[in-house]
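For the sequence shown, numbering that gives the first Met the number 0 gives the first residue as 0, with consecutive numbering after it. Glycine is no exception: its CB is placed at the ideal position from the N, C-alpha and C atoms.
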Amino acid sequence: MTTTVDARLMANAIRILTADAVQQANSGHPGAPMGMADIAQVLWNHHLKHNPANPGWQNRDRFVLSNGHGSMLIYSLLHLTGYDLSIEDLKNFRQFESRTPGHPEHGYTPGVETTTGPLGQGIANAVGFALAEKVLAAQFNQAELELVDHRTWVFLGDGCLMEGISHEACSLAGTLGLGKLVAFWDDNQISIDGPVDGWFTDDTAARFEAYGWHVLRDIDGHDAEAVNSAIDSAVAETGKPSIICCRTTIGYGAPNKQGTAGSHGAPLGEGEIKLVREGLDWPHASFDIPEKLYQAWNACAQGLQDETQWNGVFDEYKSKHPELASEYQRRMTGGMPEGWAELSKAFIKDTQIEGPTLATRKSSQRALEYFAGLLPELIGGSADLTGSNNTNWSGSKTISAAYPSGNYIYYGVREFAMAAIMNGISLHEGFKPYAGTFLVFSDYARNAIRMAALMKQPTLFVFTHDSIGLGEDGPTHQPVEHLASLRLIPNHSVWRPCDAVETAVTWKFACESTDTPVSMVYSRQTLTHMNRDNIDLTNVEKGGYVLSDCEGLPELIIIASGSEVGIAHLAKEQLRESGVQVRLVSMPSTSEFDRQDAAYRESVLPAACDRRLAVEAASSDYWRKYVGLNGAVIGMDSFGESAPAPELFEHFGFTVDNVLAHSKGLLA
0 MTTTVDARLM ANAIRILTAD AVQQANSGHP GAPMGMADIA QVLWNHHLKH NPANPGWQNR
60 DRFVLSNGHG SMLIYSLLHL TGYDLSIEDL KNFRQFESRT PGHPEHGYTP GVETTTGPLG
120 QGIANAVGFA LAEKVLAAQF NQAELELVDH RTWVFLGDGC LMEGISHEAC SLAGTLGLGK
180 LVAFWDDNQI SIDGPVDGWF TDDTAARFEA YGWHVLRDID GHDAEAVNSA IDSAVAETGK
240 PSIICCRTTI GYGAPNKQGT AGSHGAPLGE GEIKLVREGL DWPHASFDIP EKLYQAWNAC
300 AQGLQDETQW NGVFDEYKSK HPELASEYQR RMTGGMPEGW AELSKAFIKD TQIEGPTLAT
360 RKSSQRALEY FAGLLPELIG GSADLTGSNN TNWSGSKTIS AAYPSGNYIY YGVREFAMAA
420 IMNGISLHEG FKPYAGTFLV FSDYARNAIR MAALMKQPTL FVFTHDSIGL GEDGPTHQPV
480 EHLASLRLIP NHSVWRPCDA VETAVTWKFA CESTDTPVSM VYSRQTLTHM NRDNIDLTNV
540 EKGGYVLSDC EGLPELIIIA SGSEVGIAHL AKEQLRESGV QVRLVSMPST SEFDRQDAAY
600 RESVLPAACD RRLAVEAASS DYWRKYVGLN GAVIGMDSFG ESAPAPELFE HFGFTVDNVL
660 AHSKGLLA
């Protein structure tokens with residue numbers, strides 16, 4: 000390894016920028032960036048393939064800062080190497096609407112590949128990036144042309160390794176043989192509460208060896224040559240992911256705070272920063288980086304060269320394999336295939352005509368069978384519940400270390416990692432990931448679902464066994480509050496369809512989503528097919544619509560979702576026969592209904608009718624905003640019980656008789 004400017008001097012630029020920015024913001028985490036600066040200098044100057052002038056270049060390496068609290072590390076790197084991130088942006092660290100938020104956020108800062116901060120999710124995202132690269136390469140590379148050929152690099156700290164998700168994700172990464180994934184463990188032995196030897200004494204190296212990783216132990220993280228040699232060794236290992244265990248000093252360069260929790264999450268203070276400058280022999284003013292260092296760090300020329308070389312490969316690929324090249328570009332840019340609109344609408348119309356009476360988890364598999372045949376970018380999976388979630392289809396091919404060209408991932412019992420890995424796959428581009436588990440276990444995955452919403456990633460979640468209707472497995476497996484919890488996540492579309500038609504619409508919506516994760520919630524039990532006219536069929540996509548109406552202004556509106564729509568429909572018909580003007584509204588997606596304009600919402604739920612009854616076998620409180628003060632809700636306000644589903648529906652009041660009783664009470 001050679002450089003015209005001293006490696007330590009280049010790393011010190013990161014340390015000084017970090018100390019200055021955190022001090023100016025009067026908040027932040029200087030310790031990790033100052034401790035990992037030497038590692039970052041070696042990686043970004045000698046190994047990372049990227050083009051600062053085009054952060055979205057498709058064949059770039061992906062870099063993930065899993066210990067996202069150390070965000071000034073990546074901001075310093077992006078600024079120094081030539082990305083569109085100015086010194087003014089660094090001065091505005093952690094301020095309102097800045098491009099340098101407290102934790103790295105995808106979409107805010109050019110070059111930030113994923114939003115990190117909740118520890119452990121970054122490494123799981125990185126597994127998703129590496130998996131996407133491996134599968135995409137297997138699907139598109141030709142013997143003479145490697146169109147897809149890049150690496151995933153991830154920095155992580157003790158906190159990431161303490162989080163259980165790191166075990167879930169890294170175990171799977173070893174099993175799948177993700178040889179282009181390299182992790183750097185910042186082994187500084189300090190966390191917020193102090194030295195970690197009181198709560199983290201794992202043999203981390205042995206742990207990763209047990210996962211099937213290539214482990215490089217006891218690397219001096221402040222020795223550039225040692226780090227470079229370790230990276231060379233990691234790159235040479237193509238069959239396993241690698242972890243480089245780097246011994247570092249947190250807050251390196253701060254004489255009174257380095258090696259202590261005092262440098263972890265607070266400004267160093269003006270006095271300490273003065274000592275940092277003296278100790279590092281840095282005579283320059285705050286935020287002042289000498290031109291020779293900018294020149295040494297700048298990666299634009301090398302990035303242009305790398306991208307130009309790849310463009311030549313792609314041009315040759317297009318010439319020799321035009322259809323594959325066109326499909327690659329379509330998938331990487333997220334476009335829908337030719338004829339999608341007509342074919343998807345035709346499937347929904349046919350489903351309405353055929354009227355299959357199925358559990359919606361079965362209807363989901365039926366829809367998946369059709370749509371997956373049109374969309375090869377769908378990459379599926381399940382957390383050890385494939386046969387229950389029905390997330391496989393006739394074209395499913397298992398992805399493994401030996402067979403990476405498939406389209407289905409057996410995630411094992413790893414719900415949290417599954418969701419976070421899916422986020423990484425989505426961020427990589429080229430795939431639309433979906434995977435399933437029981438709705439009650441969305442709790443395990445919830446923070447990754449939240450991160451998908453925050454990052455505007457169209458990750459698709461299939462949640463089956465949606466209520467007490469799953470029966471004998473009892474309250475441990477019967478979701479109650481989960482629908483409300485998922486619906487409360489901003490920028491998250493939640494669907495609970497009532498039959499095969501609404502399920503087909505749900506899948507169409509999910510496949511077309513570009514910036515919103517979609518949770519599809521399906522029943523275990525068989526649900527009755529509902530009749531609709533063409534207008535109703537069109538309105539299903541709006542999330543809520545009039546399924547069965549009355550003549551004139553309704554006296555009562557019944558709102559239901561999922562399995563309760565059939566019950567509500569039977570009750571509505573009995574009320575109609577007795578002369579009551581009742582409107583039945585099916586609400587498969589409250590999130591989409593709420594996004595409609597006021598005129599449409601008023602046409603479905605007119606303000607003039609304030610006698611409203613909501614029926615859903617889930618937490619009742621969520622429905623209060625639709626029924627108002629004069630309305631009522633038949634819902635769940637307790638946990639379920641273990642018994643056959645019909646007995647449970649009778650016990651908890653999800654019956655025609657109970658809907659009639661509540662309706663008559665509202666009309667009295």
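Going by CA-CA distance only, name the one from S522, K431 and P403 that's closest to L175.
Translated into the one-based positions of the sequence shown, residue 175 becomes position 176. Of the candidates S522, K431 and P403, the one whose C-alpha sits nearest the C-alpha of L175 is P403.
Please report the residue range of the beta strand (DSSP E) in which R611 lies.
Residue 611 sits at position 612 when you count from the first residue of the sequence shown. Here the beta strand (DSSP E) through R611 covers R611 to S618.
Pop quiz: N422 and A447 are said to be a contact at Cβ under 8 Å. What is the actual Cβ separation, rounded to whole angstroms?
Taking the sequence shown and counting its residues from 1, one reaches residue 422 at position 423. Taking the sequence shown and counting its residues from 1, one reaches residue 447 at position 448. Their Cβ separation, rounded to whole angstroms, is 6 Å, which keeps N422 and A447 in contact under 8 Å.
Give the DSSP-derived three-state secondary structure of M454 in the structure shown.
To locate residue 454, count along the sequence shown from 1; it is residue 455. Here M454 sits in helix by DSSP.
What runs of the alpha helix (DSSP H), each 4 residues or longer, lie entirely inside the segment 368-402?
The qualifying runs are 385-388.
How far does the alpha helix (DSSP H) with D349 in it extend, from its first residue to its last?
As a first step, residue 349 is located in the sequence shown; it is residue number 350 there, counting from the start. Looking at the DSSP string, the run of the alpha helix (DSSP H) that includes D349 is W339 to E353.
Reducing DSSP to helix, strand and coil, say where W622 ends up.
Taking the first residue of the sequence shown as 1, we reach residue 622 at position 623. W622: helix per DSSP, three-state reduction.
Check for me: the beta strand (DSSP E) holding P432 runs from which residue to which?
One-based indexing of the sequence shown puts residue 432 at position 433. Run containing P432: K431 to F437, per the beta strand (DSSP E) assignment.
Just reading off the beta strand (DSSP E) that C510 is part of, what are its end residues?
As a first step, residue 510 is located in the sequence shown; it is residue number 511 there, counting from the start. Segment A499 to E511 is the alpha helix (DSSP H) holding C510; no beta strand (DSSP E) there.
How would you label V134, buried or exposed, when you count the other beta carbons within 10 angstroms and need 16 or more for buried?
The sequence position of residue 134 within the sequence shown is 135, counting from 1. So V134 ends up on the buried side.
Using the rule of at least 16 other Cβ atoms within 10 Å of the residue's Cβ for burial, across every protein chain shown, is V126 buried or exposed?
Looking up residue 126 in the sequence shown gives position 127. Classification of V126: buried, given that the 10 Å Cβ count is 16 or more.
Decide if E87 is buried, meaning its Cβ has at least 16 other Cβ atoms within 10 Å, or exposed.
Stepping through the sequence shown from its first residue, residue 87 is reached at position 88. E87 is exposed by the Cβ-count criterion.
Is W152 helix, strand or coil when you go by DSSP?
To locate residue 152, count along the sequence shown from 1; it is residue 153. Three-state DSSP puts W152 in a strand.
Contact defined as beta carbons within less than 8 Å: I believe A616 pairs with E563. What is the distance between those atoms, to the nearest angstrom?
Position 617 of the sequence shown, counted from the start, is the residue given in the question as residue 616. Position 564 of the sequence shown, counted from the start, is the residue given in the question as residue 563. Indeed, because the Cβ distance is near 6 Å, the residues count as touching under 8 Å.
Answer with buried or exposed for G220, where buried requires no fewer than 16 other C-beta atoms within 10 angstroms of its C-beta.
For the purposes of this step, residue 220 is taken as residue 221 along the sequence shown, with counting starting at 1. Buried: at least 16 other Cβ atoms inside 10 Å.
Residues bridged to C245 by DSSP?
Within the sequence shown, the letter at position 246 stands for residue 245. Answer by DSSP bridge pairing, in chain order: D185 and I218.
Given this structure, state the Cα-to-Cα distance separating E277 from R246, to the nearest angstrom.
The count along the sequence shown starts at 1 and reaches residue 277 at position 278. The count along the sequence shown starts at 1 and reaches residue 246 at position 247. One C-alpha to the other measures close to 24 Å.
Quick check on the DSSP output: the alpha helix (DSSP H) that includes F440 runs from which residue to which?
Here the question's residue 440 lines up with position 441 in the sequence shown. That residue, F440, is in no alpha helix (DSSP H); it is neither H nor E in DSSP.
Report yes if the C-beta distance between A31 and L84 is below 8 Å; otherwise report no.
As a working mapping, residue 31 is identified with position 32 in the sequence shown. As a working mapping, residue 84 is identified with position 85 in the sequence shown. For A31 and L84, no; Cβs fall outside 8 Å.
Measuring straight from C-alpha to C-alpha, what distance separates E290 and L77?
Position 291 of the sequence shown, counting from 1, holds the residue named residue 290. Position 78 of the sequence shown, counting from 1, holds the residue named residue 77. So the alpha carbons of these two residues sit roughly 16 Å apart.
Terminal residues of the continuous alpha helix (DSSP H) containing T203?
Reading the sequence shown from its first residue, position 204 is the one you call residue 203. Unbroken alpha helix (DSSP H) run through T203: T203 to Y210.
Report all residues from its chain with a CB closer than 6 Å to the CB of D19; omit the five preceding and five following residues, and keep chain order.
Locating residue 19 in the sequence shown gives position 20, counting from the first residue. Hits under 6 Å: S285 and F286.
Since I believe E376 is in contact with S393 (beta carbons under 8 Å), could you give me their beta-carbon distance rounded to a whole number of angstroms?
Taking the first residue of the sequence shown as position 1, residue 393 is located at position 394. Taking the first residue of the sequence shown as position 1, residue 376 is located at position 377. Incorrect: roughly 17 Å between the Cβ atoms, too far for contact.
Roughly how many whole angstroms lie between the Cα atoms of T332 and K239?
Residue 332 sits at position 333 when you count from the first residue of the sequence shown. Residue 239 sits at position 240 when you count from the first residue of the sequence shown. For T332 and K239, the distance between alpha carbons rounds to 30 Å.
Check the DSSP bridge columns for M35 and list the partner residues they point to.
Within the sequence shown, numbered from 1, the residue matching residue 35 stands at position 36. M35 is not bridged to any residue.
Taking its Cβ as the centre, do 16 or more other Cβ atoms sit within 10 Å of T114, making it buried, or is it exposed?
Along the sequence shown, read from residue 1 onward, the residue named residue 114 stands at position 115. Label assigned to T114: buried.
Looking only at DSSP bridge pairs, what is V632 linked to?
Residue numbering aside, residue 632 sits at position 633 when the sequence shown is read from its first letter. Answer is A613, bridged to V632.
Is it buried or exposed for P336, if we count other Cβ within 10 angstroms and need 16 for buried?
In the sequence shown, residue 336 corresponds to position 337, counting from 1. Classification for P336: exposed.
Closest by CA to W184, which one among I164, V214 and W309?
Position 185 of the sequence shown, counting from 1, holds the residue named residue 184. The candidate whose alpha carbon is nearest that of W184 is V214.
Candidates Y521, S602, S466 and D514: which alpha carbon is nearest K541's?
On the sequence shown, position 542 is the one that residue 541 refers to. Cα-wise, what sits closest to K541 is S602.
State the CB to CB distance for the pair T463 and G435, rounded to an integer number of angstroms; the pair is presumed to be in contact (CB under 8 Å).
Here residue 463 corresponds to residue number 464 of the sequence shown, with the count starting at 1. Here residue 435 corresponds to residue number 436 of the sequence shown, with the count starting at 1. T463 to G435, Cβ: 6 Å. Contact.
So the candidates are Y74, A131, R610 and P355; which of them puts its Cα closest to the Cα of V147?
Residue numbering aside, residue 147 sits at position 148 when the sequence shown is read from its first letter. Measuring from the Cα of V147, the nearest candidate turns out to be A131.
Would you say R413 and L171 are within 8 Å of each other, going by their C-beta atoms?
Here residue 413 refers to the residue found at position 414 when the sequence shown is read from its first residue. Here residue 171 refers to the residue found at position 172 when the sequence shown is read from its first residue. Yes, the Cβ-Cβ distance between R413 and L171 is below 8 Å.
Nearest by alpha-carbon distance to H102: which of P432, L453 and G405 is it?
Counting from 1 along the sequence shown, the entry for residue 102 is found at position 103. Answer by Cα proximity: L453.
In this structure, how does DSSP classify R98 when only helix, strand and coil are distinguished?
Looking up residue 98 in the sequence shown gives position 99. If DSSP states are grouped into helix, strand and coil, R98 belongs with coil.
Excluding five sequence neighbours on each side, which residues of the same chain lie with their C-beta closer than 6 Å to the C-beta of S466?
Along the sequence shown, read from residue 1 onward, the residue named residue 466 stands at position 467. Once the five neighbours on either side are set aside, the close Cβ partners of S466 are A616.
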